[in-house]
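Q:
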Amino acid sequence: MSRFDPADLHGIHAILYALFDGDEKLDRGAMRRQTEVCLDAGVHGMAALGLATEASKLSEAERMAVMEWLVEDTAGKVPVALTIFGPSVEEQVRQARHAVGAGADWLILQPPIVGQFSAQEYIRFFGRVADAIDVPVAIQNAPAFMGRGLTATDIAELVRQHPNITLIKGEGPVVDIAALIEVTEGRLPVFNGRAGLELIDNLRAGCRGFILAPDCIDHAVRAYEFYRDGWDEEADAAYRDMLPAVVFTMQGIENLMCYGKRLFGERAGLPVFDRAPALRPTATGLAMVERFAEELGRLGEE
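For the sequence shown, the positions run 26 to 327 when my numbering is used.
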């Protein structure tokens, strides 16, 4: 069972990048260090195995290992969310049960990356997985990035049918998030992503928080804490500090994997290697990574 009430979840949650070594194998030490850096930045939660963790490039055994590593490395300090990836109900249920057994506090279900189906088909799919587990469940709704998704009305119906689904993970502009919050009558915590674009306006619209890759995580935490304390001008200023880097990295998922990961590596002092196939950096892109890393400062340093 979850140690955290989903109604209490809030703030900036960091989702891990998949960090590989020079042989394209997951680097256990680098993954542990990534979690430590995020915790030191004051994140309100940790997550893994979504789009930022390149779950589609990982074997099922690797995904399960990442689940265990993250729970071990957070040591109960913050809530842990694990995204469930898989093409079938059977595979998602198997991974979900492993995640719960490892100690996940809540799960995020992704639509299977096979075919294009009706909303009712996805509602049935998600419902069958959610009903098989006993921790809070969120639905990842990212049609712009995944090519499939549900409308706000569909999500409201899914939640009505399956009370275990108690959170929503969106990936969209603030106007879409605001509409989702309105349709669900503010009854569910809604988290956004998109590297933190429109961060403060999402919070003003009622978004509970963000799940973000860690390249700008310290600045996002600072902006959120200022906003939460009612320091609106300081919150806007902290957001402006991170915005140019966010715009640079968030030009698509592959761009984030290429340059966002390298920006994190530069700021955290960790080498970054790709697992093929991957978008390869250009000299211009690397120069921008270096400049943004200098402007944002070293992670872990004031």
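Where is the CB? At the ideal position from N, CA and C, for every residue including glycine.
Between F289, G221, A293, which lies nearest to D261 when the distance is taken from Cα to Cα?
A: Selected option, being the one with the closest Cα: G221.
Q: Any chance you could list the alpha helix (DSSP H) runs of at least 4 consecutive residues sitting entirely within the region 209 to 290, in chain order?
A: 224 to 229, 242 to 253, 257 to 274, all fully within the region 209 to 290.
Q: Sort V297, A144, P161 by Cα distance to L51 and report the nearest one.
A: When each option's Cα is compared against that of L51, the closest is V297.
Q: Report the CB separation of A39 from I278 in whole angstroms; it is logged as a contact under 8 Å.
A: With 8 Å as the limit, A39 and I278 do not qualify as a contact, their Cβ atoms being about 17 Å apart.
Q: Between A270 and L295, is the Cβ-Cβ spacing less than 8 Å?
A: No, Cβ-Cβ distance for A270 and L295 is not below 8 Å.
Q: Using the Cα positions of V91 and D254, report the straight-line distance between them to the nearest angstrom.
A: Cα-Cα distance, rounded: 34 Å.
Q: Just verifying my parser: in three-state terms, what is the DSSP assignment at T307?
A: Coil, per DSSP.
Q: Per DSSP, what kind of secondary structure is K82 in: helix, strand or coil?
A: In the structure shown, K82 sits in a helix (DSSP, three-state: H, G or I).
Q: Within a Cβ cutoff of 7 Å, which residues of the same chain sit near M313, ignoring the five residues on either side of it in sequence?
A: Taken in chain order, the residues that qualify are F273.
Q: Tell me which residue opens and which closes the alpha helix (DSSP H) that T178 is part of.
A: 177 to 186 is the extent of the alpha helix (DSSP H) around T178.
Q: Are three or more beta carbon pairs between the region 296 to 310 and the region 220 to 239 nearer than 8 Å?
A: No contact exists between the region 296 to 310 and the region 220 to 239.
Q: According to DSSP, what are the bridge partners of H38?
A: In the DSSP output, where bridge partners are listed per residue, H38 has G70, I236.
Q: Compare the Cα-Cα distances from T108 to each of R316, L268, R212, I193 and report the closest residue.
A: Nearest of R316, L268, R212, I193 to T108, Cα basis: I193.
Q: Whole angstroms is fine: what's the gap from E93's alpha carbon to I206's?
A: Cα to Cα, the separation comes out at about 33 Å.
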